[in-house]
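Count along the sequence shown from 1, then add 1; that gives the number in my numbering.
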Amino acid sequence: MRAIATFTTVVSGAILLAACSSPVKVEEKPAAPVAVETAKPAAPDSRTVATVVAPTVDPLTDPNNILSKHSVYFDFDSYAVKKEFNPVVDAHSKYVASSSTRKILIQGNTDERGGSEYNLALGQKRAEAVRKAMALLGTPDAQMEAVSYGKEKPKATGSDEAAWAENRRADIVYTAK
């Protein structure tokens, strides 16, 4: 027990002495000056950058461009432009109207069924339907012409529904770009 009392006395004394001590002053020394080296101007770069010219792709032949589609297809015995072909008509209308030097020939075609006179008249109505749609979209009349080939210029040969559907069309042909 005496050992505990001695131990307690020593620890208490150490705590009292620590509490009464003053903080140690640390002498701050100024930092050694650092030599600052300024960058020397680099020699002028004598290299040149070549201008890259991307090859120009004709939008009328680029398969990724809607302008590469030149045909508007029709239902049997009809000359009403189908809604699914409105984007094609719209794109060609804007393209033609954007340059006064562009001119198009809209060629109306039919399938082989029907008489020659009837097919020529139906082909003309199809070509005129596309021309009128383009005129409503802002294409000047002076830049468009509508003609009919009737059944004289088939796109597909054959006497089945697939061939007939392929031939019921109006083709947009550029005569001046």
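Beta carbons are placed, not taken as given, at the ideal position from N, Cα and C, and that holds for glycine.
Contact check, residue i vs residue j under 8 angstroms by CB: the rounded distance?
| i | j | result |
| --- | --- | --- |
| D91 | L138 | 6 angstroms |
| H185 | V174 | One cannot answer for residue 185 here, as it falls past the ends of the chain, which runs 2 to 178. |
| A166 | T158 | With a Cβ gap of about 13 angstroms, A166 and T158 do not count as contacting. |
At the level of alpha carbons, what is the spacing between residue i and residue j?
| i | j | result |
| --- | --- | --- |
| R114 | V54 | 51 angstroms |
| A136 | V73 | 16 angstroms |
| S99 | S160 | 40 angstroms |
| D76 | P56 | 39 angstroms |
| P34 | R48 | 40 angstroms |
| H58 | N66 | With the sequence shown as reference, residue 58 is identified as Val, and His is not the correct amino acid for it. Their backbone Cα atoms lie some 10 angstroms apart in a straight line. |
| K95 | S101 | 11 angstroms |
| P60 | A130 | 24 angstroms |
| D46 | T39 | 20 angstroms |
| T176 | G116 | 29 angstroms |
| E162 | A51 | 56 angstroms |
| D63 | P42 | 50 angstroms |
| Q144 | F86 | 20 angstroms |
| V89 | A44 | 57 angstroms |
Pick out whichever of the options has its Cα sitting closest to the Cα of residue i.
| i | options | result |
| --- | --- | --- |
| E146 | E153, G116, V97 | V97 |
| Y119 | P64, K152, A4 | K152 |
| R103 | R3, P60, K178 | K178 |
| R132 | V148, T176, L121 | V148 |
| K84 | A134, D46, R3, P60 | A134 |
| A154 | E162, S69, L121 | The sequence shown places Lys at residue 154, rather than the Ala named in the question. Checked all of E162, S69, L121; the closest Cα to K154 is L121. |
| D142 | D63, L68, I105 | I105 |
(message) So, does the region 109-122 touch the region 157-172, judging by three or more C-beta pairs under 8 angstroms?
(response) yes
(message) Check whether the region 76-86 and the region 114-128 touch, using three or more Cβ-Cβ pairs below 8 angstroms as the test.
(response) yes
(request) Ignoring anything shorter than 4 residues or poking outside the region 111-173, list the alpha helix (DSSP H) runs there in chain order. (result) 117-137, 162-168
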